[in-house]
Amino acid sequence: MPTPNSPTSSSTPPAKRQRTQLACLSCRGRKTRCDGGRPACDSCERRGKTDSCVYDQAAARSTRALLNQERRYVAALEDRVRRLQRAKGQQPLCSARNSAAATRLTEAPSVEFNEGSQTPRRSETIFGSSHSPGAEFPRQVDALATVMSPEDDDACFYGASSTIAFLRHVTDTDQGDQGSTSILNGTNVHKYSSSGDNQPIALLPLKVCHERDLAVLPIRHRTDRFLACYWDFVHPLFPLLQRPSFIARYERFWLPNQTLSMGVEDMVFMSNLNLTLAIGCQLCKDIESNEQLAMADQFFDRSQHVLRYDILGSTSLSVVQWLLLTAIYCQSTKHASRCWNSLGLAIRLAQSLGLHIEHPTREAKCQVKFEMRRRLWHTCVVLDRLLAMTFGRPFMIGASYSTPIPSMIDDEHLQETGAGIQPPDVPSRMGLFVSSCRLFEIVADILSSFYARNDDSKLNTGACVQEMFADVLDFNRRLDEFSASIPDYLKVSRNSRPIPSDNPGHINLQQQVLYCR
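As structure tokens, this is what we get:
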């Protein structure tokens, strides 16, 4: 047996592990080693998951670009630490020590880094930067406005109705902060800085996939499953797609001998399809949570191909749908600004298309078209009220629109010619949305009455208290009337009996969501 100093051992260098340039999505989600085998890697074959072994070809970027990206991220972290230390009155970091540490961090390869893996945007690892827009410098604000780091105070405003404002008000009260203002004005939430050290980054690089990557989808049964989750769980909340026409176009995509060239409308449709898959895969119980996040990131990145075009000059309903789907998806991420701004642009495009005005002559033309216009507009209205309440910001849409609330008719009963009706013995999937439209009209008045007061000096006067008390009683009456007007199959009570249906799951979902709202 050779000794450690023998020629045999010294002349034979230890074998180096071959590094995989690109790992499959399943191994990246599980954070396990992947040999990069095609059509299925060794790890997926051993687990019997060959059908879920898919690769993100668009993720194969150069090592130099990845190193530069990580160096920028580390530099941003250093700047963040210095700002926090200055705010706390501590000594700044030693720049030389941090430079050396940053060099070691960026040069020390990790397994995931060398495999070109993409950690989901909600991961907290240092090298877990997603290739989604703005992921190189992630903002620690979730789109539900519940968590925010200190340095974001100067960049974004969160008003009195937001959860952040409520938590800060409770924290200030608990700490005996005499300088805190009333929770109704929310001015203590937004702090302006006169120094230039905490200026937000003007623009961030955006990864936009190639057009050919738009048509790369998982195997058929998984794609069908993700899309089914979208129709079951999201479509009743925001019915902004016309299901029969969308499914028909989706089915044509799987037909053999289809050309790969796509027009602009095809590209927008594929972007909308990727967004529905990004939303639906996060609701699918068939895959693990880490894999859900990785796949959702990939679908979302592909959907951003629309940004290669001039969306600011668009007059297309499909672009409005794309913006609304982007806002809905970003609600489940920590990219609050992207969620808020996507909705704002969708509202402006919808107004430029005249969705806020109902033309009487249009009703005689096509029931599908005018009902979809109503649904799109009132999706804008509901999201506008919902996000205004969530972020504590003013809503964009006032009362100056004439578009009526959509009819409680399911997609399959709408007619191109003539007027379809909902069968009387079939509970409509539109019940939740129609009821939510009425509910958020009350929410808008509540926000205007209690959170839009600018004169703080009058808040504690007797006249103001009496006025607020009268408003509370009036809103309580309106909510009681709304509760009484809800369809019976959506009411939640101890005496409610199950309604026969081929798919009672969507009824239960509508009941619970409406009850929570």
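Quick note: the sequence shown, position 31, residue 51 per our numbering, numbers continuous. Glycine residues also receive a C-beta, built at the ideal position from the N, C-alpha and C atoms. No experiment lies behind these values; they were computed from the predicted model shown.
Cβ shell of residue i (< 8 Å), same chain only, five flanking positions each side left out
i    : result
R537 : S456 and L459
W397 : A370, L375, H376, Y421 and T423
I425 : R394, H398, V454, C457 and R458
Q312 : G49, C301, Q302 and C304
Straight-line gap, residue i to residue j (C-alpha atoms, nearest Å)
i    : j    : result
L510 : R394 : 22 Å
V454 : W360 : 23 Å
T399 : R102 : 43 Å
I417 : E461 : 11 Å
Q532 : F253 : 12 Å
G216 : S323 : With a pLDDT of only 45 at G216, under 50, the local geometry of the prediction cannot be trusted, and the value read off the model is given with reservation. Roughly 35 Å between the two C-alpha positions.
P507 : L403 : 22 Å
R58  : I348 : 35 Å
M392 : L260 : 7 Å
A248 : S309 : 18 Å
A504 : R498 : 10 Å
A165 : M409 : Below a pLDDT of 50, predicted positions are generally treated as unreliable, and A165, at 47, falls in that range; the measurement from the model is reported next regardless. Straight-line Cα distance between these residues: approximately 10 Å.
A268 : D445 : 27 Å
Y329 : S336 : 13 Å
Q486 : L493 : 11 Å
P414 : R405 : 9 Å
G68  : M450 : 41 Å
R91  : A356 : 25 Å
Residues near residue i by beta carbon distance below 6 Å, same chain, minus five either side
i    : result
S448 : M428, D430 and Q442
A439 : Q387
L237 : T243
Y535 : V512
R358 : C350
V401 : I417
Beta-carbon separation (whole angstroms), residue i vs residue j, contact threshold 8 Å
i    : j    : result
L363 : L407 : 6 Å
E378 : P264 : With 8 Å as the limit, E378 and P264 do not qualify as a contact, their Cβ atoms being about 23 Å apart.
L452 : L257 : 7 Å
Beta carbon of residue i nearer than 7 Å to that of residue j
i    : j    : result
M541 : C301 : Not covered by the structure: residue 541. The range shown for the chain is 21 to 537.
V288 : S334 : no
F246 : L295 : no
Q435 : Q387 : yes
L97  : V74  : no
D491 : S468 : no
L365 : L344 : no
C47  : S72  : no
F489 : I466 : no
A60  : T52  : no
Y250 : I307 : no
Cβ-based burial, residue i [other Cβ within 10 Å; buried from 16]
i    : result
D500 : exposed
W274 : exposed
A222 : exposed
R240 : exposed
K385 : exposed
T437 : exposed
F319 : buried
A43  : buried
P276 : exposed
S152 : In this prediction, S152 has a pLDDT of 41, which is less than 50 and means its spatial position is unreliable; what the coordinates show is noted afterwards. S152 should be labelled buried.
E285 : exposed
N528 : exposed
V463 : buried
A483 : exposed
Q105 : exposed
R66  : exposed
S372 : exposed
Within-7 Å CB hit, residue i to chain D
i    : result
Y270 : Checking the listed chains, one finds no chain D in this structure; it contains a single protein chain.
Cutoff 7 Å; reference residue i; Cβ partners in own chain excluding five residues on either side
i    : result
F502 : R458, L459 and I462
H526 : D252, P256 and R449
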